[in-house]
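Following: one structure in structure tokens, then a few remarks.
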Amino acid sequence: MARKQRPDSKAQDCVRIDGELYDVRAWAPKHPGGDVLKHYLGRDATGAFAAFHSALARKMLKGLRARNAPPFVPEAGWSDNVERDFEALRARNHAEGLYVSRPSWFYLHGAFIVSLVLASAGLLVWNTATWPLGALLVALAWQQCGWLAHDFLHNSVHADNAKNEVVGALFGGIVLGFSADWWKKKHNTHHALPNVLGVDEDIDTTPFLAFSETNLDDAGGVTRRLVRLQTVTALPVLAFARMNWVLASLGWALRAPNVPRRGLELFTIALHHGWSLGMLALLPNWPVRIAFFLTAQLLSGLFTGSVFIVGHNARPMMRLAEATGFCELQCQTTQNIRAPRGFAWFFGGLDCQIEHHLFPTMPRHNHARVRKDVRALCEAHGVPYVERGFGQGLLDVARVLARVAGTATNRRPTTTPQEA
646 MARKQRPDSK AQDCVRIDGE LYDVRAWAPK HPGGDVLKHY LGRDATGAFA AFHSALARKM
706 LKGLRARNAP PFVPEAGWSD NVERDFEALR ARNHAEGLYV SRPSWFYLHG AFIVSLVLAS
766 AGLLVWNTAT WPLGALLVAL AWQQCGWLAH DFLHNSVHAD NAKNEVVGAL FGGIVLGFSA
826 DWWKKKHNTH HALPNVLGVD EDIDTTPFLA FSETNLDDAG GVTRRLVRLQ TVTALPVLAF
886 ARMNWVLASL GWALRAPNVP RRGLELFTIA LHHGWSLGML ALLPNWPVRI AFFLTAQLLS
946 GLFTGSVFIV GHNARPMMRL AEATGFCELQ CQTTQNIRAP RGFAWFFGGL DCQIEHHLFP
1006 TMPRHNHARV RKDVRALCEA HGVPYVERGF GQGLLDVARV LARVAGTATN RRPTTTPQEA
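Under the working numbering, think of the first position of the sequence shown as 646, with each following residue one higher.
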């Protein structure tokens, strides 16, 4: 709820949106998108606000307008020209109906995901020797469900955000075993400030992996020793990602404060474990059951994690003080994937990672329609727009891992730098 502003509001306690300063100190703890708001204090949040918020949220801003605030000083590297042209492109996309979704497209994909699970069960009933193929189908179903829940929880399917959240929680909980609230809190921050060290949890993979030499500045001996080995350990770490996410989701749903629909989340997660572990009863003995379970879990981690790291982890990592405006930051830290012919479905819309980050509530079936305009905007302002083949992208990530591992081998511990 809005409150009467203190007359001594300071710029560092405010965010700037469309040229106005708003004192959000009292509102920040109640922000539905998590604690991302605190990272925008003293910064321009126009692009991030427009990317995620509805007209109702904009009305709420009126009561948060700061009074007697000093002049706002833009952060280093800020370019009003880029952001102004980007906002014009966003407005044009809205006017052309590119934010209008076809819900049937997403529900048909949901039916495809369910069919993968049913096909896996059918194979096991028909012949238990087909368990490797059955595990592969379940792994694909989990990966594809991750992309589908991602669509709903970005409010890119239905005009009613509450409906998106409920359906996303159902898909994510029952099929995937994830807490929607856990995912949204960290994913919103990732979108607002991607690849920003100490802020974006999706790149916080230490002590096992480091994608920037900056991660080594305040690293202890254990972290440096593990990072030296990361060219070897990266694949297994990625493979175990899904199991880590499932455990983190369960812990969040059980213990995190103020989880909306906590009962629904716990119920759907229980259903997920019921059917996924129940499939093991179709197999003849425990060695085969364990092999099926691990194969499905590890393949799903690889399928999901590989798409994410190609989209982000070979791109620059930076401190918060180095982060530029919304549009520039998304383009600097994100790259597209040239999907092999016939395999765009595998990437769940993240082959257009740049467009997704710039317009996160736009339905993915419209991303390709804005690609040309986004590229033209980037070329006009000298902003990077990077596209790589999937194999090329994986090689880029491998080179980054090798470079940082080499630095960890040669660098002595240094004094912890002051955080941005």
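We put the beta carbon where it would ideally sit given N, CA and C, even for glycine.
Item to complete: Look up residue 863 in the DSSP assignment and say whether it is helix, strand or coil.
Response: coil
Worksheet item: Just checking, does the stretch 797–808 make contact with the stretch 816–832 on the three C-beta pairs under 8 Å criterion?
Response: yes
Worksheet item: When the distance is taken between beta carbons, is residue 773 closer than 7 Å to residue 928?
Response: yes
Item to complete: Please confirm if the stretch 677–694 is in contact with the stretch 728–738, defined as three or more CB-CB distances below 8 Å between the two stretches.
Response: yes
Item to complete: Give me the Cα-Cα distance between residue 1027 and residue 976, rounded to the nearest whole angstrom.
Response: 11 Å
Worksheet entry | Residues that DSSP places opposite residue 963 in a beta bridge | 841
Worksheet item: Whole-angstrom Cβ separation of residue 861 and residue 869, contact assumed at under 8 Å?
Response: 6 Å
Worksheet entry | 7 Å CB neighbourhood of residue 1018 in its chain, flanking five on each side removed | 734
Fill in: Rounded straight-line distance, which links the Cα of residue 946 to that of residue 1067
No information on residue 1067 is available, as it lies outside the stretch 646 to 1065 that the chain covers here.
Worksheet item: Who are the Cβ neighbours of residue 821 in its own chain at under 8 Å, not counting the five residues just before and after it?
Response: 787, 790, 791, 794, 917
Discussion item. If we require 4 or more residues per run, which alpha helix (DSSP H) segments fall completely within the stretch 975–1043?
Written reply: 998–1003, 1012–1026
Worksheet item: How big is the Cα-Cα spacing for residue 1062 and residue 1048?
Response: With a pLDDT of 34 at residue 1062, under the threshold of 50, the modelled position of that residue is not reliable, and the figure given next carries that caveat. In a straight line, the C-alpha of residue 1062 is about 21 Å away from that of residue 1048.
Worksheet item: Apart from the five residues on each side of it in sequence, which residues of its chain come closer than 6 Å, Cβ to Cβ, to residue 782?
Response: 761, 764, 765
Discussion item. Given this structure, state the Cα-to-Cα distance separating residue 1060 from residue 866, to the nearest angstrom.
Written reply: Residue placement at residue 1060 is poorly supported in this model, since its pLDDT is 41, which falls under 50; the coordinates still yield a value, given next. Those two C-alpha atoms are separated by around 13 Å.
Discussion item. Determine whether the beta carbon atoms of residue 855 and residue 872 lie at a separation below 7 Å.
Written reply: yes
Discussion item. With DSSP as the reference, identify every bridge partner of residue 666, one or two as the case may be.
Written reply: 661
Discussion item. Which residue marks the beginning of the alpha helix (DSSP H) containing residue 924, and which one marks its end?
Written reply: No alpha helix (DSSP H) holds residue 924; DSSP gives it neither H nor E.
Worksheet entry | Straight-line gap, residue 741 to residue 699 (C-alpha atoms, nearest Å) | 18 Å
Worksheet item: Is the stretch 931–947 close to the stretch 961–976, with three or more CB pairs under 8 Å?
Response: no
Practice prompt. Can you tell me which of the three DSSP states residue 847 falls into?
Written response: helix
Item to complete: Using the Cα positions of residue 665 and residue 710, report the straight-line distance between them to the nearest angstrom.
Response: 7 Å
Discussion item. Rounded to whole angstroms, what is the Cα-Cα separation between residue 852 and residue 770?
Written reply: 42 Å
Worksheet item: Which same chain residues, not among the five before or five after residue 1058, have their C-beta less than 6 Å away from its C-beta?
Response: Because residue 1058 carries a pLDDT of 49, less than 50, the predicted location of this residue cannot be relied on, and the following value inherits that uncertainty. Taken in chain order, the list of residues that qualify is empty.
Discussion item. Contact defined as beta carbons within less than 8 Å: I believe residue 978 pairs with residue 957. What is the distance between those atoms, to the nearest angstrom?
Written reply: 6 Å
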